[in-house]
Structure formats: structure tokens, C-alpha cells
Amino acid sequence: MQVTVIGGAGTIGAATAYTLALDRPTLDVALCDVERDAARGDATDVTHARAHVAHPVGRSSGDRPGAVRAVDPGPGAIEDADVVVVAASGAGTQTGGRMAAIEANRAVVDEVAAWFPEHAPRPVVTVTNPLDRMNYRLFRRVGWERSRFVGYALSETARVADELARRHGTTAERVSCPVVGEHGEHIVPLFSRASVDGDPLDLSAEEREAVTEYARRIPYDVIDWRGARHSSRWVTARGVAALTGRLLDGGLDTPVGLSTPLDGEYGYEGVSLGVPVTLDADGIDAVHEWDLPADERAALDAAYEAVRATPE
1 MQVTVIGGAG
11 TIGAATAYTL
21 ALDRPTLDVA
31 LCDVERDAAR
41 GDATDVTHAR
51 AHVAHPVGRS
61 SGDRPGAVRA
71 VDPGPGAIED
81 ADVVVVAASG
91 AGTQTGGRMA
101 AIEANRAVVD
111 EVAAWFPEHA
121 PRPVVTVTNP
131 LDRMNYRLFR
141 RVGWERSRFV
151 GYALSETARV
161 ADELARRHGT
171 TAERVSCPVV
181 GEHGEHIVPL
191 FSRASVDGDP
201 LDLSAEEREA
211 VTEYARRIPY
221 DVIDWRGARH
231 SSRWVTARGV
241 AALTGRLLDG
251 GLDTPVGLST
261 PLDGEYGYEG
271 VSLGVPVTLD
281 ADGIDAVHEW
291 DLPADERAAL
301 DAAYEAVRAT
311 PE
């Protein structure tokens with residue numbers, strides 16, 4: 001099996017390729033980037049990371065390792081891909097917020113979208129920001145069924161779980177709290193469904209607001225601490241690799257919050273938005289229309305209006 005990472009020499013793309021390659025040693029990973037030498041360098045470095053199986057310290061299995069290689073931009077880059085990750089961005093877009101990237105990234109997405117129509121449909125994981133707008137733009141430009149376009153939006157779920165775990169003296173893997181809405185300012189943690197080890201969490205309005213603000217603010221804190229060109233690469237790369245792996249393995253029947261083009265679900269249409277979905281090998285299997293309490297539904301409505309107000 002193969003995954004092609006478009007934007008594979010960028011901060012997020014390279015980290016995603018590395019994570020995929022080590023998580024799945026037999027997977028073929030193709031790095032596609034207009035910076036061809038950088039993609040070649042990353043592919044070579046990741047190949048050598050896999051080569052630690054040559055010595056006893058790094059040996060973990062006897063399976064034949066997959067290939068990690070750089071590929072040129074164009075339709076051929078995705079020809080053999082079972083899943084395509086779109087993480088490409090325009091020059092200089094790393095130094096602003098998600099919305100600051102929209103003009104440059106529209107042009108990038110339009111160029112990439114032109115590579116797809118000559119190929120059979122396959123899942124496309126969109127990472128390029130602003131995520132919801134770019135996922136919908138890809139869907140519109142490519143012309144495949146909307147279920148193929150999966151907007152990565154799991155970093156907020158990880159951040160909310162980490163903060164809830166810290167506040168309640170537990171660990172993130174024991175916490176469940178789906179996050180939907182916009183990948184950006186209008187995130188909507190579904191605290192009505194928050195739990196620890198399956199037991200509901202009783203959270204005050206103040207704690208809910210504090211956790212939401214933490215998840216909204218912390219990516220910018222990371223940028224301030226580390227530098228604008230680095231962003232939150234590790235949480236994103238790990239999440240994208242995990243999501244891609246689920247698609248390669250046939251899907252996931254437990255709902256998670258991901259961005260998908262909507263056509264009437266929740267009363268929304270004409271946008272891609274984070275909603276509860278399940279996955280199959282082709283992409284989005286189903287959108288789950290949960291009955292939300294009034295405050296969460298109002299927040300989701302506000303996220304929809306915010307995304308709809310900015311043309312894709």
C-alpha cells in the first residue's frame with residue numbers, strides 16, 4: 001500500500017511522512033513537493049530512519065520495509081496512492097494564523113486538484129489551512145463524491161483530552177470528549193459527551209469555557225515558544241498518520257470529529273465542517289446527527305456561519 005503526502009517537504013508533511021513510515025514499516029510513502037531537493041532529502045533521511053532495523057537496537061520485525069521516495073508534482077504523484085494527504089501550502093503562509101493563509105493556499109489547492117480527475121477516486125485527507133475551506137474547495141474542484149474528502153481536525157480533540165486529563169488527575173487515553181465545528185476559532189467541544197473511563201464528567205460552565213479557550217489558544221502559544229515556521233507539527237503529524245492508518249485498515253465504526261462536505265446534515269450545506277463521522281476504506285462512511293444540547297448546537301451553528309461567511 002502507498003500513501004502520497006503532497007507538501008511532503010513542509011513542516012507538517014515531512015513530520016507526517018516520518019510518522020507514517022515508522023508506524024507502518026511496510027508502507028510505501030511518497031513525498032511530493034515543489035521543493036524537489038528538500039523532498040528528496042527528507043525521503044532519504046526517513047529511509048535511513050527505517051534502516052535502524054539493521055542493528056539489534058532497532059530491530060523489531062523481519063518484514064520487508066516499504067519504500068520512501070520523492071516524487072515530482074503532477075498527476076503521476078498520486079497514481080499509485082491508496083490514500084492522498086494534502087498538506088501543501090503557499091510560500092510564507094507559516095507566519096500567520098490559519099485564515100491568513102487562505103489566498104495563497106487557494107492557488108495551491110487549485111493546482112493540486114487538477115491532478116486528481118484522471119485517476120480513480122480514493123480517500124483524500126486534507127490538512128492545508130484554513131482546513132474546512134480548503135477541504136470543500138478540493139471537493140468542488142476535483143469532482144469526486146464528497147465522502148472521499150476527509151478534513152483532518154483531530155488535534156483539538158487531543159488538546160481537549162489532555163487538558164481535561166490534567167484537570168481531573170488522569171491520563172488522556174482515559175478521556176473521551178469529541179470536538180466538532182470549525183478547525184480554528186469556532187471549535188465546539190461536546191462536553192455533554194465527555195467522560196473518563198466511560199463515566200460522564202460533570203463540568204461547570206467556567207471549566208468548559210476554560211478548556212475550550214485552552215484548546216483554542218495553545219497552538220498559538222506553541223508557535224510563540226518555538227517559532228512561527230514550526231507550528232504544531234507533532235500533534236498534527238501523529239493525528240494525520242493515525243487517521244490515514246484507519247483508512248488503510250478499512251475504517252472506524254466509532255464516531256470522531258472530522259471535517260466533511262455537508263449536504264443537509266444538521267441543516268447545513270455548501271461547507272465542509274467538523275461533525276461526528278465514521279469511516280470506511282473509501283473515506284467518510286456516515287455523518288452522525290447527534291441530538292445536542294442547546295448551547296452546543298448554538299456553538300455549532302455559529303461555526304457553520306463562520307465558515308460559510310468566508311468563501312472557499
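Letter 102 of the sequence shown, counting from 1, is numbered 102 in UniProt numbering, and no numbers are missing. C-beta atoms are modelled at their ideal positions from N, C-alpha and C, and glycine is treated no differently.
Which value, in whole angstroms, describes the spacing of the CA atoms of R140 and I6? One-based indexing of the sequence shown puts residue 140 at position 140. One-based indexing of the sequence shown puts residue 6 at position 6. Near 18 Å, if we compare the C-alpha coordinates of I6 and R140.
Quick one: residues in its chain with C-beta nearer than 7 Å to the C-beta of G58, no 5 flanking neighbours on either side, listed in chain order? As a working note, residue 58 is residue 58 in the sequence shown. Hits under 7 Å: H52.
Measuring alpha carbon to alpha carbon, tell me which residue in A210, H186, V188, T254 is nearest L164. Counting from one through the sequence shown, the residue named residue 164 turns up at place 164. Comparing Cα-Cα distances from L164 to each of A210, H186, V188, T254, the minimum goes to A210.
Rounded Cβ spacing between V124 and V150 (contact assumed at less than 8 Å): If you number the sequence shown from 1, residue 124 lands on position 124. If you number the sequence shown from 1, residue 150 lands on position 150. That belief holds up - the Cβ atoms of V124 and V150 are roughly 7 Å apart, short of 8 Å.
First through last residue of the beta strand (DSSP E) which encompasses I102: In the sequence shown, counting from the first residue as 1, residue 102 sits at position 102. Taken as a continuous stretch (DSSP letters only), I102 belongs to no beta strand (DSSP E), being part of the alpha helix (DSSP H) at 102-113.
With DSSP run on the structure shown, which of helix, strand or coil describes D45? Here residue 45 refers to the residue found at position 45 when the sequence shown is read from its first residue. Helix at D45.
Span of the beta strand (DSSP E), counted from its first residue to its last, around P245: The residue given as residue 245 occupies position 245 in the sequence shown. Just to set this straight, residue 245 is Gly in the shown sequence, not Pro. No beta strand (DSSP E) contains G245, which is instead part of the alpha helix (DSSP H) from 233-248.
Within 10 angstroms of its Cβ, does D28 collect 16 or more other Cβ (buried), or is it exposed? Stepping through the sequence shown from its first residue, residue 28 is reached at position 28. With 16 or more other Cβ atoms within 10 Å, it is buried.
Determine the contact status of C32 and T11, defining contact as a CB-CB distance below 8 Å. Residue mapping note: residue 32 aligns to position 32 of the sequence shown, counting from 1. Residue mapping note: residue 11 aligns to position 11 of the sequence shown, counting from 1. Their beta carbons are not under 8 Å apart, which means C32 does not touch T11 by this criterion.
When the Cβ atoms of the stretch 174-191 are set against those of the stretch 153-160, are three or more pairs found closer than 8 Å? yes
Contact check, A81 vs Q2 under 8 Å by CB: the rounded distance? For the purposes of this step, residue 81 is taken as the residue at position 81 of the sequence shown. For the purposes of this step, residue 2 is taken as the residue at position 2 of the sequence shown. A81 to Q2, Cβ: 5 Å. Contact.
CB contact below 8 Å: D45 versus chain D: The structure shown contains no chain D, having only a single protein chain.
Runs of 4 residues minimum, wholly inside the UniProt domain "Lactate/malate dehydrogenase C-terminal" (157-305): which ones carry the alpha helix (DSSP H) assignment? 205-226, 233-248
Cα-Cα separation, L154 to E118: For this step, residue 154 is matched to residue 154 along the sequence shown. For this step, residue 118 is matched to residue 118 along the sequence shown. Taking the straight line from one Cα to the other gives about 30 Å.
Spatially closest choice to G90 from N105, E213, R24, by CA coordinates: Counting from 1 along the sequence shown, the entry for residue 90 is found at position 90. Residue N105 is the option with its Cα nearest to G90.
Assign G7 to one of three DSSP states: helix, strand, or coil. Residue 7 sits at position 7 when you count from the first residue of the sequence shown. Looking at G7 - three-state DSSP - the assignment turns out to be coil, as it is neither helix nor strand.
To the nearest angstrom, report how far apart A241 and T19 are at their CA atoms. By one-based count along the sequence shown, residue 241 stands at place 241. By one-based count along the sequence shown, residue 19 stands at place 19. About 6 Å.
CA-CA distance, I187 and V196? For the purposes of this step, residue 187 is identified with residue 187 of the sequence shown, where counting begins at 1. For the purposes of this step, residue 196 is identified with residue 196 of the sequence shown, where counting begins at 1. Each residue's alpha carbon lies about 21 Å from the other.
Buried or exposed for T310, going by 16 or more other Cβ atoms inside 10 Å? Numbered from its first residue, the sequence shown carries residue 310 at position 310. Answer is exposed; the Cβ neighbour count stays below 16.
To the nearest angstrom, how far is it from the Cα of T128 to the Cα of E289? The count along the sequence shown starts at 1 and reaches residue 128 at position 128. The count along the sequence shown starts at 1 and reaches residue 289 at position 289. For T128 and E289, the distance between alpha carbons rounds to 26 Å.
DSSP on residue 322, reduced to helix/strand/coil? Given that the chain is displayed from residue 1 to residue 312, the structure contains no residue 322 and the question cannot be resolved.
Whole-angstrom distance between P189 and R297, CA atom to CA atom: Looking up residue 297 in the sequence shown gives position 297. Looking up residue 189 in the sequence shown gives position 189. Cα to Cα, R297 sits roughly 11 Å from P189.
Nonlocal neighbours in the same chain, by C-beta distance under 7 Å from T26, ignoring five residues either side: As a first step, residue 26 is located in the sequence shown; it is residue number 26 there, counting from the start. Answer for T26: D63, R64, P65, G66, listed in chain order.
Give the DSSP-derived three-state secondary structure of G58 in the structure shown. Position 58 of the sequence shown, counting from 1, holds the residue named residue 58. Coil.
Just curious, the beta strand (DSSP E) that F149 is in, first and last residue? Reading the sequence shown from its first residue, position 149 is the one you call residue 149. Unbroken beta strand (DSSP E) run through F149: 149-151.
Could you please give the first and the last residue of the uninterrupted beta strand (DSSP E) stretch that includes residue 324? With the chain represented from 1 up to 312, any question about residue 324 goes unanswered, as that position is not in the structure.
Environment of P75 [buried if 16+ CB atoms lie within 10 Å]: Locating residue 75 in the sequence shown gives position 75, where the first residue counts as 1. By the 10 Å Cβ count, P75 comes out exposed.
In this structure, what does DSSP give as the bridge partners for A70? Position 70 of the sequence shown, counted from the first residue, corresponds to residue 70. Paired residues: L31.
Between the Cα of L247 and those of E103, A38, A21, R122, spot the shortest distance and give me the residue it belongs to. Translated into the one-based positions of the sequence shown, residue 247 becomes position 247. L247 has its Cα closest to that of R122, out of E103, A38, A21, R122.
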